[in-house]
Amino acid sequence: MLAVTTNHYLVLSFLLFTIGLFGIMARRNLITVLMSLELVLNSVNLNLVAFSYQLSDLTGQVFAVFTITVAAGEAAVGLGILIALFRLRETTQLDQAAELKG
Amino acid sequence: MSGADLLFYLFAALALGAAVLVVSLRNPMYGAISLLATFLSIAALFLLRHAEFVAAVQIFVYGGGIMVLFLFVIMLVNLHRMRETTKYDRQTPLAAVLGVLLVALFVTVFAAASFGPPLARPEVFTAGARGISGNTQAVAWVLYRDYLLPFEIASLFLLIAMIGAVVLGRRT
Amino acid sequence: MRELLWLIPVLPFAGALLNGVLLRGRLGKRAVAWIACGAVALAALLGLAIIAEQLAGGHHEPFEQELYTWIPAGPLAAEVGGLRDLEIGMGFLLDPLSAVMLFVVTFVGFWIHLYSVGYMAHEEGFQRYFTYLNLFMGAMLLLVLGNNYLVTFVGWEGVGLCSYLLIGFYYREEFPPYAGRKAFIVNRVGDFGFLLGLFALASTFGTLRYTELFARLAASPELGRAAYVGGLSFASFVALCLFVGAMGKSAQIPLYVWLPDAMAGPTPVSALIHAATMVTAGVYMVVRSNVLYQLAEGISFTVAAIGAATAIVAATIGLAQTDIKKVLAYSTVSQLGYMFLAAGVGAYTAAIFHLLTHAFFKALLFLGSGSVIHAMGGEQDMRRMGGLKKHLPVTYWTFVVGALAIAGVPGFAGFFSKDEILHAAAAEGQWLLWVVGLLTALLTAFYMFRAVHLTFHGEFRGSEEQAHHLHESPPVMTVPLVVLAVGAVVSGFIGLPALFTGGRDWNLFHRFLHPVVAELPGGVGEGHEMGAALEWGLVGVAVLTAALGIGLAWSFYGRGRGLERGRAWAARFPFVHRLLVNKYYVDELYDATIVRGTWAAAHGLHRFDAGVIDGVGVHGARNATVTGSLLSGFFDKYVVDGLVNLVGTVLALFSRGFRRLQTGYVGNYALVLAAGLFALVCAWALLRF
Amino acid sequence: MPFDPQELLLLAPEILLSLAGLLMLLVGTVGRGFGHRESAFVAIASLLLTGGVLVRLQLQVPGPRLILAGMFVIDGYAFAWKVIVLLATAVTVLLSMRFLEEGRYRPAEYYSLLLLATAGMLFMASGATLLTIWIGLETMALASYVLAGYFKREVRSTEAALKYFILGAMSSGVLLYGISLLYGAAGTVHLGALARGLAAANEAGSLLVPLGWLLLAAGLFFKVAAVPFHIWTPDVYVGAPTPVTAWLAAASKGASFAILVRIFYQGLGTLRLEWQWIVALVAVASMVWGNLAALTQQNVKRMLAYSSIAHAGYVLIGVLAVSEIGLWSVVFYLLTYSFVTLGAFGTVILLERREYAGETLADYAGLARRAPFLAAMMLLFLVALTGIPPTGGFVGKVYLFAAAVQAGWAWVAVVGVVTSAISLYYYFGVVVSMYLKEPTDTAPAPLPARSIRFAVALCALVTLAMGVYPGPFIDFAKTALLPLP
Amino acid sequence: MFDWVESVPILSIVCYLPLLGALAVVFGLRGDRPETIRKFATGVAFVDFLLSVPLWFAFDRQGPLFQFRESASWIETIGVRYEFGVDGIALLLVLLTTLLGFLAFLSSWSAIRTREKEYYVFLLLLQTGMLGVFMALDFFLFYVFWEVMLLPMYFLIGIWGGPRRLYAAIKFFLYTLVGSVLMLLGILALYFFNGPGILGWGGLGNEPTFSILQFHEIASRIPPDLQLWIFWAFFVGFAIKVPMFPFHTWLPDAHVEAPTAGSVILAGVLLKMGTYGFVRFSLPILPDATMELLPWMALISIIGILYGALVAMAQKDIKKLVAYSSVSHLGFVMLGLFALNGPGVAGSVLQMINHGISTGALFLLVGVIYERRHTRLIAEYGGISAVMPRYATIFLIITMSSIGLPALNGFVGEFTILVGAFDRNWLWALAGAIGIVLGAAYMLWMYQRVFFGPLANAENRNLPDLDRRELAYLLPLVLLCFWIGLYPKPFFDVLEKPVEQVVRAVDPEYRAEAARN
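Chains as they are written, first to last, in our numbering: chain W, 148 to 249; chain D, 36 to 207; chain P, 157 to 845; chain E, 332 to 816; chain R, 68 to 584.
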């Protein structure tokens with residue numbers, strides 16, 4: 148039970164994933180939300196690496212590399228959007244960006 | 036419980052704790068630092084799973100690149116003005132409930148999932164072609180041989196990220 | 157010559173076409189009159205010529221002329237003969253029965269046309285009037301000449317339409333159009349039955365041709381006696397349905413209410429349509445269908461009973477009427493009841509005989525009353541008349557002849573026909589019917605002579621102006637009176653009962669009609685032999701009754717007494733008087749059930765639609781269907797559409813709900829996504845387990 | 332297995348398009364006098380050239396062929412989607428020309444992003460592993476986020492980008508998580524092997540399989556804007572620059588369906604009895620929700636966004652049939668829908684003014700009097716969206732419903748037809764404004780932009796042609812062949 | 068004399084001539100010259116009518132069921148063909164359409180004074196759509212025309228209608244669309260059953276086709292439970308169009324709000340598409356389902372008859388009254404169809420024509436006074452036969468035709484229908500006959516209130532009588548009323564074959580009977 152198995156990684160990754168999701172859902176600060184997104188993406192890497200180990204297959208690791216790449220790209224664009232928003236609104240509060248609705 | 040297992044629990048706890056801090060700290064600067072802690076813990080967990088290369092990339096890209104980016108932006112947009120007037124949305128309880136439900140659902144499944152013995156062929160992680168050893172080489176071999184196409188597409192992706200960041204960040 | 161049979165109905169139609177459409181508004185009154193009367197005259201002459209040819213040629217077979225296939229409506233699983241095509245032709249039939257009718261219609265019709273030329277001379281809408289009248293003649297001739305039920309029905313409805321138009325001739329007033337519509341709709345109720353009968357015949361035999369139908373029924377009566385729908389035999393069902401039609405057209409209880417109101421039309425119209433011809437169509441139809449009725453004993457008795465009831469009820473109402481035309485109208489209803497009484501007991505010949513004589517004397521009476529009304533400047537109330545004898549001698553004498561005829565005074569036409577009916581009832585053993593008939597005769601004699609006295613005898617009770625104005629009608633009106641008066645006397649002699657001729661069969665009419673009303677074995681109307689003494693006795697009673705009626709009338713209204721004695725009697729029996737004056741409150745009953753019901757519903761629905769209620773209030777819609785229609789309008793608006801709109805409302809509600817979910821906050825959206833994810837997993841789990 | 336460099340030649344269309352995007356970026360930054368018109372011209376030219384190369388390639392290598400170590404597949408299916416995506420993007424370029432000019436935004440980066448994103452779509456269409464597909468998808472998505480926020484001086488555009496980004500990244504995380512589970516269960520990311528592996532794992536009762544595909548499906552549903560993962564759609568569609576919206580609704584939706592169908596048919600083919608029900612539910616929910624929410628919309632762009640959700644539902648009907656007819660109907664429908672929605676948004680663009688004026692129903696009042704042909708074309712598009720003949724929309728819907736009826740999913744088709752009848756109500760809200768209302772003074776006159784008008788007319792023509800003589804188009808859709816599970 | 072008809076694609080010509088006319092108007096004529104447009108469009112409609120007349124003479128009564136066949140490939144890849152052809156039923160409806168269409172054009176000259184160009188374009192398009200529906204022998208093609216025709220009608224109501232036109236137009240469109248899309252599913256089910264098969268029912272494996280004739284062929288091989296499903300799908304589509312109770316509420320709204328020409332075409336032709344659908348598709352293709360549902364269909368037909376009549380009675384608006392009377396009359400048509408015997412079906416088809424003529428004429432007549440007084444409320448009139456005698460006469464004739472006075476067309480239809488119904492179940496005929504009585508009541512009451520009584524309303528004192536143009540579009544209908552009333556044989560002759568085909572296809576009793584003979 149205590150011996151670490153793939154199951155442990157899965158559980159941990161899902162907990163991280165959920166914390167990330169919670170951050171996206173609950174926080175109003177855009178920058179925190181962006182960080183939560185990174186959490187979500189990173190949790191997947193745990194999965195991939197754990198499965199890679201489990202399966203003795205490098206695909207998971209390669210996939211994780213791609214994931215990291217994508218996370219980086221998304222962070223860049225996300226922060227770009229944040230800056231654009233900040234320029235217009237002088238805030239990074241998400242509830243200030245709710246003009247579109249209905 | 037082996038030492039490796041102990042390390043797992045340690046880093047797992049670290050990662051979780053830091054992650055919780057990320058979503059709960061009011062100050063984004065502290066949040067960013069907690070995020071860094073999470074990233075590093077996860078890198079450590081990678082190491083425990085024979086993913087040395089990924090761990091390194093994790094540290095370089097996340098700890099280096101992404102974290103700097105975050106911190107830079109936090110500075111740029113002037114930290115104190117980023118304080119949330121109210122930290123959480125009104126729907127937070129709902130989000131929490133949903134989170135708990137999801138966790139309950141998935142974790143039950145994950146905990147119960149049965150796998151065979153792991154690491155049937157450990158040589159995969161270290162043995163590249165022609166006897167070259169080491170995880171980096173092994174990953175590189177797979178990456179550039181089998182996954183060359185996604186790799187090339189990833190370059191497109193990064194190009195787009197670059198253009199995007201420029202377009203959005205550029206002062207008009 | 158007889159190949160021209162089709163031309164007989166066409167001629168009046170052509171007249172109507174000329175007057176009503178082609179030359180409308182371009183002719184003087186004289187030309188209009190020539191066209192209209194000419195068309196009828198030609199038809200009458202042609203009819204006589206063809207009948208003569210038929211008689212002279214000794215053709216015993218009826219002459220049938222099928223012009224073309226009218227409705228070839230395809231395959232039908234007819235019960236007789238299996239799968240066959242329903243085919244209905246357009247054609248004419250000349251047999252003794254239609255010959256009699258043809259003669260009555262064209263002959264009486266012509267004289268009434270002629271009379272109308274004078275009567276309507278000063279009315280506007282002269283051309284319109286004659287258009288309608290010609291149209292009516294055409295339709296009536298179709299009715300009597302049709303060789304199948306459907307052609308008859310065309311005429312049947314056609315005369316109904318013309319009746320509607322002519323009753324409503326004075327369309328600028330409120331009442332006549334209303335009366336016209338009432339007539340039409342009440343008739344439609346009857347037609348409803350007629351149509352059902354036709355459906356039954358058509359779907360059973362695949363044809364509606366008289367000759368074919370009756371031949372087959374006569375050949376195999378068991379077809380008619382076979383059980384059909386509603387616990388009735390086939391013949392009974394059809395006979396009942398057809399009789400419902402006859403009730404409407406011939407104003408029998410309970411559908412007689414339209415006829416008195418129909419007097420709103422011009423008086424010659426009343427004479428032609430509502431006395432002599434159209435209203436007798438029901439009798440004609442029953443007699444025409446005698447094969448069916450002979451096979452339907454129960455229905456025949458019903459016919460007789462309703463006829464008798466109508467006769468006595470209408471006669472009692474006639475006692476108290478003061479409007480001269482109303483008196484005649486109720487008298488007509490009563491006499492029609494007489495005819496049905498005859499037909500019901502199987503005395504078809506007698507029915508037609510009475511139809512014939514009645515056509516003469518009732519047309520005469522109506523025209524006479526028209527002449528009086530004409531002279532009185534439109535006044536119809538007998539209480540304002542009196543002593544017109546000296547001013548209108550021709551009218552007076554002809555009117556008296558008519559009255560004597562209807563009263564059944566021996567020697568006049570009515571005596572023979574009425575006597576034959578009473579005789580038939582007695583011979584059938586229907587003594588109750590006989591008594592009723594006799595009572596009716598008594599009442600008839602009474603109220604007719606009451607009318608004679610009130611109108612022509614005593615002091616003039618009208619205004620000065622009217623008195624000044626009194627004059628005899630022009631010859632164009634009096635000549636028809638005289639002609640019809642002659643007819644009212646002599647027409648009886650074609651049907652002399654064997655009793656009077658010492659057992660020799662001089663009854664031309666009987667012999668003539670015999671082929672049409674041949675008795676079926678075991679059918680209705682197998683008379684019982686009565687002894688000559690008993691028969692003479694019955695005749696005597698009838699004569700005495702007539703005399704009694706006339707005498708009573710004289711004692712009440714004669715000798716210049718005017719109105720007093722009548723008023724005194726009315727005062728003595730106020731209840732009866734009120735009942736009779738108000739026609740047993742039948743109209744009121746029909747109205748009140750509806751008006752009250754309508755108003756109750758209407759108040760309930762007031763908020764819904766005040767306008768409709770106004771409509772109901774103003775026009776006093778006389779049928780319960782309005783209530784129904786209000787309800788169903790309500791249903792449509794609130795239930796059917798309401799459901800639809802409800803769906804719309806709910807959809808819009810959903811729409812707004814969905815849109816409210818779109819709050820604009822990213823956090824909410826993320827929550828929705830996560831919830832969606834959770835839902836997806838749950839959905840899968842539910843479907844899986 | 333080492334790959335043959337020769338195989339790179341088979342990537343000619345994708346490479347060509349990527350290079351065009353790069354070139355556009357370089358020339359646009361460096362070159363002087365390289366303005367809107369020129370950029371657009373180059374963009375269209377490169378798209379058409381790519382298309383040409385693609386067709387030629389398809390003629391030479393028609394059959395299914397896996398190349399590049401099984402990462403990339405060349406088959407009729409991919410070809411069909413690529414054609415749709417390229418056409419849609421080309422029309423988008425036409426729609427963008429005057430619009431960018433009006434907004435005074437730089438064309439080079441815009442077209443560059445557009446072309447690169449399209450290249451990503453091409454990769455998606457041809458992706459034979461979850462990894463290829465996913466990275467292509469991310470490429471497209473990232474460009475979409477930027478494009479949605481391209482009008483960064485407009486608050487709404489930035490807000491749209493923000494929402495699209497956050498939710499997109501989140502869903503992409505979900506999708507990725509699903510992929511990781513599937514990988515764990517099956518041990519591979521190659522679609523063909525995945526199907527077998529999943530079947531085996533499923534047999535063994537591994538619950539990772541359902542969780543994996545459910546998460547993956549959720550991510551895909553997000554991309555095609557199906558309920559309940561549609562929530563981003565209205566805001567993003569309204570906020571994004573309208574040509575981008577049109578592109579999202581046409582090309583992006585098309586590419587997303589391309590991978591959705593490929594993944595469901597190939598990768599998850601063995602599980603179809605399980606996912607058919609889920610797809611059915613999502614389809615029904617999308618049709619109902621999309622159409623109902625659109626009922627009370629006054630903003631035309633927003634209404635079209637909801638309609639786009641509903642249409643995702645209709646297309647899913649074809650997906651769940653799991654038959655050749657279903658496959659073809661999906662392709663055919665998205666072909667039609669691309670043109671229709673591009674045309675409709677094109678009309679919106681013509682009426683739009685700065686600050687997004689001219690989007691509400693009131694702005695369409697009396698358009699039939701002011702610009703009869705424009706109104707007539709808009710009418711045609713709306714009719715097509717409703718699914719009334721003689722338009723491609725009708726044939727497409729018939730095709731979809733036919734697939735469902737044949738496959739025994741008639742009840743879903745019933746929901747489809749009923750909701751499409753309901754959709755008439757809001758589509759014809761626009762018609763009412765255009766035809767039955769009197770023109771008002773405030774209503775904007777249509778932009779005198781020839782390129783956009785041309786694009787709209789083109790779309791109208793195609794829409795009509797697909798309705799009146801759909802044969803060739805159906806034959807085109809029939810080139811999309813996948814081995815059915 | 069009419070041999071040339073065989074050598075040209077006459078049906079296509081008749082069908083598309085209005086479309087060409089519409090295109091010519093759109094591209095060739097300027098909107099600011101309404102006079103020219105009006106004359107041109109009417110001319111096109113007239114030529115179309117003239118072209119359709121030879122069909123009547125060239126139609127071989129003894130020949131094959133469907134004639135003037137045209138066949139071309141269309142969407143080959145899914146088995147859709149361009150198939151035109153008419154049998155006796157369709158022939159009559161085509162003629163009715165071209166005639167009423169032309170008269171509707173003529174009646175619009177004075178009624179429509181705004182946006183003439185669009186008006187005539189839509190009217191022409193509508194004409195093409197309706198003709199196509201009756202001519203198509205491919206189910207897909209049929210459906211295309213069926214839906215295409217909705218649009219112009221929507222605009223006719225929506226642009227040139229009365230005050231509540233928006234509501235009425237969208238209601239009309241929505242109702243009919245809901246019905247028709249469900250019908251589409253039924254069509255698809257048939258298609259697959261004939262072709263590759265449907266999950267759960269299998270299929271016959273024939274060449275996939277939408278050919279109506281093919282569906283007629285395979286009718287008896289469709290399993291009854293599938294037939295029921297398809298029947299209901301068709302039912303919704305057709306019943307809404309007819310309209311049958313309780314799907315009728317779009318009708319009064321649409322009728323009342325539509326411009327005169329719209330109402331004429333709506334009542335005269337559009338409603339017939341529903342009944343045509345029943346007789347062409349539901350009955351012969353789904354015989355088992357039809358037989359099973361017979362009593363229910365008859366029941367709602369009868370409810371329709373009585374309900375329509377009762378509601379008509381409560382109306383204050385002449386047009387609305389006529390609209391509800393349509394519900395009632397169409398109930399007769401449906402009753403006849405479901406009587407499923409010669410007279411019933413033949414009478415129904417004839418009654419479709421009759422209703423087109425007399426209700427079309429009624430709407431034209433209502434339009435006449437509406438143009439003069441701009442009101443259709445009965446209470447606004449009264450006694451106007453004094454000022455408009457010709458009008459009153461024609462109105463009377465049409466009224467009589469509508470209430471089924473013998474010697475006019477309505478009677479022939481109603482009588483045959485009810486004979487047929489009686490043969491099936493005498494209670495049906497009983498209920499129907501009550502409907503006739505009610506019909507007389509509400510029509511005559513309306514007639515009386517409008518035409519008789521004192522001429523109270525001063526505004527009615529100077530109403531001009533019918534002018535020559537108005538007579539020109541009314542008289543043909545009056546003449547038709549008499550023709551069909553007095554000599555309907557030519558019509559029955561044309562109907563004989565198709566009716567027999569329908570009856571034999573559906574009722575097993577007739578099938579057996581026919582086999583025995």
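Here a beta-carbon is modelled for each residue, glycine too, at the ideal position from N, C-alpha and C.
- Three or more beta-carbon pairs separated by less than 8 Å are not found between the stretch 202 to 212 of chain R and the stretch 223 to 238 of chain R, which leaves the two stretches without contact.
- Within chain P, the residues placing a beta-carbon under 9 Å from that of Q126(D) are Y821, G823, N824 and L827, ordered along the chain.
- Annotated as proximal: M364(R) and F405(R), with beta-carbon spacing under 8 Å.
- From the beta-carbon of T206(W), the residues of chain E found nearer than 8 Å are L462, Y514, T519 and V520.
- DSSP places Q134(R) inside the beta strand (DSSP E), whose first and last residues are Q134 to I142.
- Contact check between the stretch 206 to 214 of chain W and the stretch 524 to 531 of chain E: fewer than three CB pairs, one atom from each, fall below 8 Å, which does not count as touching.
- If you look at E150(R), you'll find it in the beta strand (DSSP E) that goes V147 to V153.
- Judged by DSSP secondary structure, V486(E) falls within the alpha helix (DSSP H) whose first and last residues are V486 to A517.
- Across the set V394(R), V120(R) and F107(R), the C-alpha of V120(R) shows the shortest separation from the C-alpha of W71(R).
- For G500(P), the enclosing alpha helix (DSSP H) begins and ends at I480 to G500.
- CA-to-CA, the gap between F133(R) and F670(E) works out to about 39 Å.
- Counting only the Cα atoms, F759(E) lies some 12 Å from Q629(E).
- The beta carbon of V378(R) sits closer than 6 Å to those of Y391, all from its chain and outside the five residues before and after it, given in chain order.
- F372(E) counts as exposed, since fewer than 16 other beta carbons sit within 10 angstroms of its beta carbon.
- Shortest Cα-Cα distance from I753(E) to any of I465(R), L463(R) and Y242(R) involves Y242(R).
- Within the stretch 368 to 455 of chain R, complete alpha helix (DSSP H) segments of at least 4 residues are found at 385 to 406 and 409 to 440, given in chain order.
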